[in-house]
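Engineer: Have a look at this one before I ask anything.
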Amino acid sequence: MTRFAAGDRVLGHALGIERHHNRAAEGAFQHYVVLAEHMSTPIPAHVRFEQAADLPLALSTAASGLFDPSLLGLARPGTPNPHTGTVLVWGGSTSVGSSAIQLAAIAGYDVIATASPHNHEYVRKLGARAAFDYRNRTIVSDIVDELRGKRLRRGSGDRFRLRAAMSANCAPRPWRT
Ligand SMILES: NC(=O)c1ccc[n+]([C@@H]2O[C@H](COP(=O)([O-])OP(=O)(O)OC[C@H]3O[C@@H](n4cnc5c(N)ncnc54)[C@H](OP(=O)(O)O)[C@@H]3O)[C@@H](O)[C@H]2O)c1
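Per this note's numbering, the sequence shown starts with residue 10, numbered consecutively.
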C-alpha cells in the first residue's frame, strides 16, 4: 500500500458481502475493517466523517448503474466518449442521484434530472442542465418535450414509462443507443 499513511482520514467501500469476496474481515460493521486500496480514498479536510460515510455506497451504486456494460454501459469519465446523448437522473437530489449527475456530466453527457423544486438549484450546480419536479402531474410530457429531437441514453433492461410516451411523441428512433 502506497497511497495512505497511519493517521490519514480515509473512506472506503467495504466489500465483505460482495459475492466474489465473502470475507468477514472486509465487512463494515466492526471496529477494524480491511479495505481494498482501490476502493478507498482520503477524506478531504473540509468533509466530516459522517458526510464521508455516505459516499462509497452512493458513488458505487451510481457508477455501476451508469457504466456497467450490463446496465447503461456509458463511457466512463476519462475515457474517449464517442457517444453523445442525454442522461436522465430520476431523483437527482438523492445521494445516489447526486453522484450520478456528477459522474455522467464529467463523462461528457448532457444531464437532466428530477428533484423537488427546493433542490433544482442544487442539481443544476452538480451539472444537470435542466431540473424537473417529479411530483408534477405533467412530468412525463415535460420530459418528453425536453428530450424531443435529442438522444436519450438507456440500458438494455430499461422499463421506464417514458419509453411508451417517447415512442409516441418524439422524433424518429429516439431510443437508439
Ligand atoms: N445498491 C443499490 O442498488 C442501491 C444503493 C443505494 C441506494 N439505492 C436506491 O437508490 C435510491 C436513492 O437512495 P439514496 O440513499 O441515495 O436516497 P436519499 O439520499 O435518502 O434520498 C432522499 C431524497 O429522495 C428524493 N425522493 C423521495 N421520493 C422520491 C421519488 N418518488 N422520486 C424521486 N425522488 C424522490 C427526495 O428528494 P427531494 O427533496 O428533491 O424530493 C429525498 O430528499 C433509493 O431508491 C435506494 O433504494 C440502491
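Glycine is no exception: its CB is placed at the ideal position from the N, C-alpha and C atoms.
Within the present structure, is the beta-carbon of L68 separated from the nearest heavy atom of ligand 1 by less than 7 angstroms?
Structural biologist: For this step, residue 68 is matched to residue 59 along the sequence shown. Outside the cutoff, so no.
Engineer: Can you say whether H22 is buried or exposed, counting buried as having 16 or more other CB atoms within 10 angstroms of its CB?
Structural biologist: Here residue 22 refers to the residue found at position 13 of the sequence shown. The residue in question, H22, is buried, as its Cβ has 16 or more Cβ neighbours within 10 Å.
Engineer: Assuming A113 contacts L83 (C-beta within less than 8 angstroms), just tell me the rounded distance between them.
Structural biologist: Here residue 113 refers to the residue found at position 104 of the sequence shown. Here residue 83 refers to the residue found at position 74 of the sequence shown. Yes, A113 and L83 are in contact; Cβ-Cβ is about 7 angstroms, under 8 angstroms.
Engineer: Between the C-alpha atoms of R57 and T70, what's the straight-line distance to the nearest angstrom?
Structural biologist: Locating residue 57 in the sequence shown gives position 48, where the first residue counts as 1. Locating residue 70 in the sequence shown gives position 61, where the first residue counts as 1. Using only the alpha carbons, I get a separation of about 21 angstroms.
Engineer: For P53, count neighbouring C-beta atoms within 10 Å of its own C-beta (all shown protein chains included) and say buried if the count is 16 or more, exposed if not.
Structural biologist: Mapped onto the sequence shown, residue 53 falls at position 44. Flag for P53 reads exposed.
Engineer: Between the alpha carbons of P89 and Y118, how many angstroms are there, rounded?
Structural biologist: Taking the first residue of the sequence shown as 1, we reach residue 89 at position 80. Taking the first residue of the sequence shown as 1, we reach residue 118 at position 109. About 12 angstroms.
Engineer: With a threshold of 7 angstroms, establish whether the CB of N145 neighbours any heavy atom of ligand 3.
Structural biologist: Ligands present in the displayed structure are limited to ligand 1, and ligand 3 is not among them.
Engineer: State the Cα-Cα distance for the pair G136 and I110, rounded to the nearest angstrom.
Structural biologist: Locating residue 136 in the sequence shown gives position 127, where the first residue counts as 1. Locating residue 110 in the sequence shown gives position 101, where the first residue counts as 1. Their Cα atoms are separated by approximately 6 angstroms.
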